[in-house]
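Trainee: Just so we're aligned: the sequence shown equals residues 454 to 961 in the working numbering.
Would you mind keeping the following structure in view while I ask a few things?
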Amino acid sequence: MQPAVEFRGISKHFGAVKANTDVSFAIAKGAIHGLVGENGAGKSTLMSILYGYYHADGGTILLDGRECQIRSSQEAIRLGIGMVHQHFMLVDNMTVLDNVMLGTEGGFRLASHRAEAEKKLREICARYRLDVDPLATIHDLSVGAQQRVEILKQIYRSANILILDEPTAVLTAQETESLFEILRLFKEQGKTIILITHKLQEIMDITDTVTVMRAGRVVGAVQTAGTSKEALANMMVGRPIENNLPRAPYQPGAPVLEVKGLQLKDSAGVSLLEDINFTLRAGEIVAIAGVSGNGQSELMEILSGMRLPTGGHADFEGKPLPYKRHDADGLPRKFRDLGIAHVPEDRLRDGVVKNFSVMHNTFFGYQDHIKGRWGLFDFKHIAERCAGLLKEFDVRPPNPDLRIGLLSGGNQQKVVIAREVLAKPKLMLVGQPTRGVDIGTIEAIHTQLLALRDAGVAILLVSVELEEVRALADRILVMCGGRITGEMPVNEFDTTRIGLLMGGMHKS
Ligand SMILES: Nc1ncnc2c1ncn2[C@@H]1O[C@H](COP(=O)(O)OP(=O)(O)OP(=O)(O)O)[C@@H](O)[C@H]1O
């Protein structure tokens with residue numbers, strides 16, 4: 454049988470960056486094929502070429518053994534290729550049905566078309582056990598449900614090859630499991646799936662074959678059954694990955710942050726945070742575990758000055774943080790000046806200014822700290838500082854003039870972490886630091902955070918990844934429904950108990 458997809462000698466460069474070099478591999482029909490590699494290895498570029506979004510500089514793509522010119526995404530869709538992007542392509546205030554019909558033949562003006570489309574959608578939902586109401590509005594849906602709409606859209610358009618770019622980065626464990634159920638059903642129908650993910654356990658759990666890319670080239674193509682997570686990690690990074698990073702013994706110092714009875718209500722009076730109390734000391738990492746959407750983001754926003762609490766207070770080094778309504782806009786800056794650094798969980802929204810250069814992004818927010826004599830910027834100094842930072846944090850490519858939006862997600866994250874670390878904070882607030890980040894970079898980021906802790910910085914970490922919580926935390930708090938439902942030291946780490954606390958099952 455001809456492979457569903459075959460890449461032959463695909464190359465693509467962006468200026469001096471060789472994103473793909475002579476990439477060749479084939480994917481069997483009806484297979485779930487994993488595509489792995491470090492951030493910037495060229496996975497998304499290759500998939501964008503298959504999806505007609507980029508044009509290759511050289512090489513050919515064969516679908517079912519036939520050479521195809523895929524000049525646009527419309528052409529890719531016509532050829533039966535569907536793509537679910539990391540950032541969903543849905544119109545928020547429209548219904549599921551309208552989103553699915555958008556851009557398909559016939560449009561959605563005729564009532565008969567709509568009725569027919571709704572019937573077809575309901576049939577697809579039943580066949581693939583996709584729990585989605587066609588008449589629901591997108592902004593009322595959870596992230597997991599929005600992703601199911603994206604998949605629904607592709608099935609509606611008769612996709613035979615489905616590309617998923619890091620689909621589980623924003624999903625809970627349960628949502629991930631139901632996504633995998635859908636993918637297995639998709640495979641049973643003889644369809645082909647290409648899965649990009651940084652989570653090697655997922656590769657082991659669901660794929661049949663894997664291609665490993667490094668620096669734009671294919672460095673391995675294996676059957677999943679004949680490999681291991683360690684072997685894949687080694688191929689990806691070119692060295693073994695250290696799972697147990699060294700750390701100094703736990704000797705917490707003086708309290709840095711004391712949160713007392715913190716509350717937050719939204720404008721409709723709905724409680725988002727209720728009676729949050731905890732202390733964070735110098736030289737310790739406290740991790741907040743929990744399913745996203747249980748108040749962790751709001752807590753980080755308050756502690757970084759992006760949002761005002763509606764009750765309670767937080768003391769930083771023994772003094773109340775100055776939450777003043779008339780000064781709300783200037784708070785993040787004030788907090789930074791006090792020594793509170795922040796790695797926001799949504800790096801594209803809050804962590805970088807996408808259209809500015811890497812160099813600008815290495816000091817944004819700290820511009821007052823790096824001004825030279827007479828309050829002027831010394832750009833020679835800034836350029837040297839930036840070059841040192843790109844080298845130390847292994848940002849790839851180390852080009853200070855590139856718009857940061859063009860760096861891969863993991864490399865953007867390295868810049869954000871580097872900027873905050875270099876500010877020499879006393880308190881570091883870190884939200885989902887390794888979301889969408891490759892394993893080599895996870896190791897580097899974890900090493901940086903542990904070094905800060907060992908140097909006496911207090912770190913508050915919010916992460917949905919329990920492995921990350923276990924690897925970094927000294928103490929763990931669990932949040933559910935805007936409350937802290939439990940606390941434990943890391944040596945009492947217990948996945949089942951944390952799972953129960955995450956579901957608000959009991960208070961300890
Ligand atoms: N439009 C663009 N202009 C300039 N450089 C680009 C562009 N798109 C990608 N690149 C560069 O090409 C290289 C490959 O990027 P790509 O996004 O394909 O990697 P990736 O393996 O998908 O990474 P990640 O896992 O972080 O998503 C990177 O160095 C990236 O900075």
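Even glycine gets a Cβ: it sits at the ideal position worked out from N, Cα and C.
Please classify residue 689: does DSSP put it in a helix, a strand, or coil?
Mentor: Taking the sequence shown and counting its residues from 1, one reaches residue 689 at position 236. Residue state, collapsed to three classes: helix.
Trainee: At 3 residues or longer, and completely inside the region 682 to 736: list those beta strand (DSSP E) runs for me, N to C.
Mentor: Qualifying beta strand (DSSP E) stretches, in chain order: 708 to 718 and 724 to 734.
Trainee: In chain order, which continuous runs of the alpha helix (DSSP H) of length 4 or greater are located wholly inside the region 636 to 668?
Mentor: With a minimum length of 4 residues, the continuous alpha helix (DSSP H) runs that stay inside the region 636 to 668 are 653 to 659.
Trainee: Can you tell me whether residue 788 is helix, strand or coil according to DSSP?
Mentor: By one-based count along the sequence shown, residue 788 stands at place 335. Residue state, collapsed to three classes: helix.
Trainee: For ligand 1, is there a heavy atom less than 7 Å away from the beta-carbon of residue 595?
Mentor: Looking up residue 595 in the sequence shown gives position 142. Flag unset: Cβ of residue 595 not near ligand 1.
Trainee: At 3 residues or longer, and completely inside the region 752 to 815: list those beta strand (DSSP E) runs for me, N to C.
Mentor: DSSP runs (the beta strand (DSSP E)) wholly in the region 752 to 815: 764 to 769 and 793 to 796.
Trainee: How would you write the range of the beta strand (DSSP E) that residue 535 sits in, first residue to last?
Mentor: As a position in the sequence shown, residue 535 is number 82, starting the count at 1. 534 to 537 is the span of the beta strand (DSSP E), which, as asked, contains residue 535.
Trainee: Less than 8 Å between the beta carbons of residue 632 and residue 620, yes or no?
Mentor: Position 179 of the sequence shown, counted from the start, is the residue given in the question as residue 632. Position 167 of the sequence shown, counted from the start, is the residue given in the question as residue 620. Their beta carbons are under 8 Å apart, which means residue 632 touches residue 620 by this criterion.
Trainee: Run through the region 598 to 632 for me and flag every whole alpha helix (DSSP H) of 4 or more residues, listed as ranges in chain order.
Mentor: List check, alpha helix (DSSP H) in window: nothing returned.
Trainee: What is the residue span of the beta strand (DSSP E) that residue 447 lies within?
Mentor: The first residue shown for the chain is 454 and the last is 961, placing residue 447 beyond what the model contains.
Trainee: Who are the Cβ neighbours of residue 622 in its own chain at under 6 Å, not counting the five residues just before and after it?
Mentor: On the sequence shown, residue 622 is found 169 positions in, with the first residue counted as 1. Cβ neighbours of residue 622 beyond the five flanking positions: 888 and 889.
Trainee: Given this structure, state the Cα-to-Cα distance separating residue 961 from residue 458, to the nearest angstrom.
Mentor: As a working note, residue 961 is residue 508 in the sequence shown. As a working note, residue 458 is residue 5 in the sequence shown. Caution applies to residue 961, whose pLDDT of 45 falls short of 50 and renders its modelled position unreliable; the value that the coordinates give is listed next. Using only the alpha carbons, I get a separation of about 53 Å.
Trainee: Using only the heavy atoms of ligand 1, determine whether one of them is closer than 7 Å to the beta carbon of residue 496.
Mentor: Looking up residue 496 in the sequence shown gives position 43. Residue 496 Cβ: within cutoff of ligand 1.
Trainee: Given residue 891, which residues of its chain have a CB within under 6 Å of its CB, disregarding the five upstream and five downstream residues?
Mentor: The sequence position of residue 891 within the sequence shown is 438, counting from 1. Cβ within range, chain order: 491, 492, 651 and 863.
Trainee: Go ahead and label residue 948 buried or exposed: buried means 16 or more other beta carbons lie within 10 angstroms of its beta carbon, across all protein chains shown.
Mentor: Taking the first residue of the sequence shown as position 1, residue 948 is located at position 495. Result: exposed.
Trainee: Roughly how many angstroms lie between the CA atoms of residue 585 and residue 875, to the nearest whole one?
Mentor: Indexing the sequence shown from 1 puts residue 585 at position 132. Indexing the sequence shown from 1 puts residue 875 at position 422. Each residue's alpha carbon lies about 46 Å from the other.
Trainee: Pairs of beta-carbons, one from the region 825 to 836 and one from the region 894 to 904, closer than 8 Å: are there three or more?
Mentor: They do not touch, by the three-pair rule.
Trainee: Which word fits residue 522, buried or exposed, when buried means at least 16 other C-beta atoms lie within 10 angstroms of its C-beta?
Mentor: Translated into positions along the sequence shown, residue 522 becomes position 69. Residue 522 should be labelled exposed.
Trainee: Please find out if some non-hydrogen atom of ligand 1 comes closer than 7 Å to the beta-carbon of residue 467.
Mentor: Counting from one through the sequence shown, the residue named residue 467 turns up at place 14. Answer for residue 467: yes, Cβ within range of ligand 1.
Trainee: Just the Cα atoms here: how many angstroms apart are residue 669 and residue 473?
Mentor: The residue labelled residue 669 in the question sits at position 216 within the sequence shown. The residue labelled residue 473 in the question sits at position 20 within the sequence shown. Cα to Cα, residue 669 sits roughly 4 Å from residue 473.
Trainee: If you drop the 5 nearest sequence neighbours on each side, which residues of the same chain put their C-beta closer than 7 Å to that of residue 695?
Mentor: For the purposes of this step, residue 695 is taken as residue 242 along the sequence shown, with counting starting at 1. For residue 695, where only same-chain residues beyond five positions count, the Cβ hits under 7 Å are 896.
Trainee: Could you tell me if residue 873 is buried or exposed, where buried requires 16 or more neighbouring beta carbons within 10 angstroms of its beta carbon?
Mentor: Counting from one through the sequence shown, the residue named residue 873 turns up at place 420. Burial call: buried.
Trainee: What is the rounded straight-line gap between the Cα of residue 985 and the Cα of residue 759?
Mentor: Any property of residue 985 remains undetermined from this structure, which presents the chain solely from 454 to 961.
Trainee: In terms of residue numbering, what span does the beta strand (DSSP E) encompassing residue 486 cover?
Mentor: Position 33 of the sequence shown, counted from the start, is the residue given in the question as residue 486. From DSSP, the beta strand (DSSP E) with residue 486 extends over 485 to 490.
Trainee: Under 8 Å by Cβ, that's how I've got residue 938 and residue 868 pegged, so tell me the actual separation to the nearest angstrom.
Mentor: Translated into positions along the sequence shown, residue 938 becomes position 485. Translated into positions along the sequence shown, residue 868 becomes position 415. Their Cβ separation, rounded to whole angstroms, is 35 Å, which puts residue 938 and residue 868 out of contact at 8 Å.
Trainee: May I ask whether a heavy atom of ligand 1 can be found less than 7 Å away from the beta carbon of residue 891?
Mentor: Looking up residue 891 in the sequence shown gives position 438. Indeed, a heavy atom of ligand 1 lies less than 7 Å from the Cβ.
Trainee: Going by beta carbon distance, what residues of the same chain come within less than 8 Å of residue 561, once the five residues before and after it are set aside?
Mentor: Mapped onto the sequence shown, residue 561 falls at position 108. Unreliable placement is indicated for residue 561, whose pLDDT of 49 sits below 50; the coordinate value is still reported in the next sentence. Excluding sequence neighbours, residue 561 sits near 550, 551, 554, 555, 567 and 570.
Trainee: Please find out if some non-hydrogen atom of ligand 1 comes closer than 7 Å to the beta-carbon of residue 850.
Mentor: Here residue 850 corresponds to residue number 397 of the sequence shown, with the count starting at 1. Because some heavy atom of ligand 1 lies under 7 Å away, the Cβ of residue 850 counts as near it: yes.
Trainee: Look at the Cβ atom of residue 731, then the Cβ atom of residue 739, and state whether they are nearer than 8 Å.
Mentor: Residue numbering aside, residue 731 sits at position 278 when the sequence shown is read from its first letter. Residue numbering aside, residue 739 sits at position 286 when the sequence shown is read from its first letter. Yes; because the gap between Cβ atoms is below 8 Å, this pair is in contact.
Trainee: Mind the definition here: the region 592 to 608 touches the region 532 to 551 only if three or more C-beta pairs lie below 8 Å; say whether that holds.
Mentor: Yes, the region 592 to 608 touches the region 532 to 551.
Trainee: What residue from 597, 542, 832 and 877 has the CA that sits closest to residue 794's CA?
Mentor: The residue you call residue 794 lines up with position 341 of the sequence shown. The option with the nearest alpha carbon to residue 794 is 877.
Trainee: Use the C-beta contact count for residue 644: other C-beta atoms within 10 angstroms, 16 or more gives buried, fewer gives exposed.
Mentor: On the sequence shown, residue 644 is found 191 positions in, with the first residue counted as 1. With 16 or more other Cβ atoms within 10 Å, it is buried.
Trainee: Is the distance from the Cβ of residue 781 to the Cβ of residue 761 below 8 Å?
Mentor: Locating residue 781 in the sequence shown gives position 328, where the first residue counts as 1. Locating residue 761 in the sequence shown gives position 308, where the first residue counts as 1. Yes. Within cutoff.
Trainee: With residue 617 and residue 646 assumed to form a contact (beta carbons below 8 Å), what rounded beta-carbon distance in angstroms separates them?
Mentor: Your numbering for residue 617 matches position 164 in the sequence shown. Your numbering for residue 646 matches position 193 in the sequence shown. So it is a contact: roughly 7 Å between Cβ atoms.
Trainee: Going by other Cβ atoms of all chains shown within 10 Å of its Cβ, with 16 needed for buried, is residue 580 buried or exposed?
Mentor: Locating residue 580 in the sequence shown gives position 127, counting from the first residue. Residue 580 is exposed by the Cβ-count criterion.
Trainee: Taking only heavy atoms of ligand 1 into account, decide whether any of them is closer than 7 Å to the Cβ of residue 543.
Mentor: Start at 1 with the first residue of the sequence shown, and residue 543 comes out as number 90. Residue 543 Cβ: outside cutoff for every heavy atom of ligand 1.
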